[in-house]
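Down below is the structure, laid out as structure tokens.
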Amino acid sequence: MRGLISESDYNRQSEQLKERLDQLGEIPTGLSEARKSLQTSPQVQNKQVLTDPVTAVKKAVQSMRRIPIERIAQESGVDAIQVTRILTDLLDGRELSGRIDHDAGDFILGTGSRPPPKTIAVCPYCRSDLQRIAVRGETMTCDVCRESFIVS
Numbered sequence: 002m003r004g005l006i007s008e009s010d011y012n013r014q015s016e017q018l019k020e021r022l023d024q025l026g027e028i029p030t031g032l033s034e035a036r037k038s039l040q041t042s043p044q045v046q047n048k049q050v051l052t053d054p055v056t057a058v059k060k061a062v063q064s065m066r067r068i069p070i071e072r073i074a075q076e077s078g079v080d081a082i083q084v085t086r087i088l089t090d091l092l093d094g095r096e097l098s099g100r101i102d103h104d105a106g107d108f109i110l111g112t113g114s115r116p117p118p119k120t121i122a123v124c125p126y127c128r129s130d131l132q133r134i135a136v137r138g139e140t141m142t143c144d145v146c147r148e149s150f151i152v153s
């Protein structure tokens with residue numbers, strides 16, 4: 002296996018490199034520049050919840066179409082498990098439209114944050130069942146009475 006060395010070889014080579022740097026007058030530092038930049042970057046902190054968790058989650062979700070659940074948790078100040086439960090309740094209560102992508106850990110906002118549009122399942126003239134559910138703005142023709150109507 003090329004490139005793999007044992008821990009003792011690694012430690013020995015590390016000591017040799019440090020000795021060479023000492024001889025050249027360079028002072029080895031404990032952390033690389035990349036690690037220093039990681040340590041000095043501001044850490045993302047959870048916001049304090051100023052409103053109830055449900056309202057905080059709704060506000061965080063409505064700002065984007067596809068948003069990771071972890072980001073919703075950070076913006077709303079609620080832990081991720083509780084965010085998932087709240088989103089499920091909001092979807093069940095039709096206060097939000099969308100779906101949770103459990104594989105990717107994202108929430109995908111639907112067409113809007115309002116209840117679903119008005120639908121009609123029966124003809125307004127003869128009251129017979131329609132073959133499919135009509136949505137607002139759609140023109141339908143009843144198969145029984147042959148009347149046309151627009152769902153408004």
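To convert, take the position in the sequence shown, counting from 1, and add 1; that gives the working numbering.
We treat Cβ as the ideally placed atom computed from N, Cα and C, and that holds for glycine.
{"query": "Where P54 sits in the DSSP three-state scheme", "result": "helix"}
{"query": "Extent of the continuous alpha helix (DSSP H) run through R147", "result": "It is not in any alpha helix (DSSP H) - R147 carries neither H nor E in the DSSP assignment."}
{"query": "8 angstroms contact criterion, which V55 and I70 should meet: CB distance rounded", "result": "Not a contact, Cβ separation roughly 15 angstroms."}
{"query": "Chain-order list of residues whose beta-carbon lies under 6 angstroms from that of C143 (same chain, five-residue window excluded)", "result": "C124"}
{"query": "Helix, strand or coil at I73 according to DSSP, with G and I counted as helix", "result": "helix"}
{"query": "Helix, strand or coil at L97 [DSSP, three-state]", "result": "coil"}
{"query": "Alpha carbon of I170 to alpha carbon of I121, nearest angstrom", "result": "Outside the displayed range of the chain (2 to 153) lies residue 170, so it cannot be described from this structure."}
{"query": "Other residues of its chain near A57: CB distance less than 7 angstroms, five sequence neighbours each side excluded", "result": "V50, S77, G78, V79"}
{"query": "Segment limits, beta strand (DSSP E) that includes L22", "result": "Looking at the DSSP string, L22 is not in any beta strand (DSSP E); the run it does join, the alpha helix (DSSP H), is 8-25."}
{"query": "The beta strand (DSSP E) enclosing G107, as first and last residue numbers", "result": "Reading off the sequence shown, one finds Asp at residue 107, where the question assumed Gly. Note, D107: beta strand (DSSP E), 107-110."}
{"query": "Cα-Cα separation between I101 and K60, rounded to whole angstroms", "result": "16 angstroms"}
{"query": "Which of helix, strand or coil DSSP assigns to E139", "result": "coil"}
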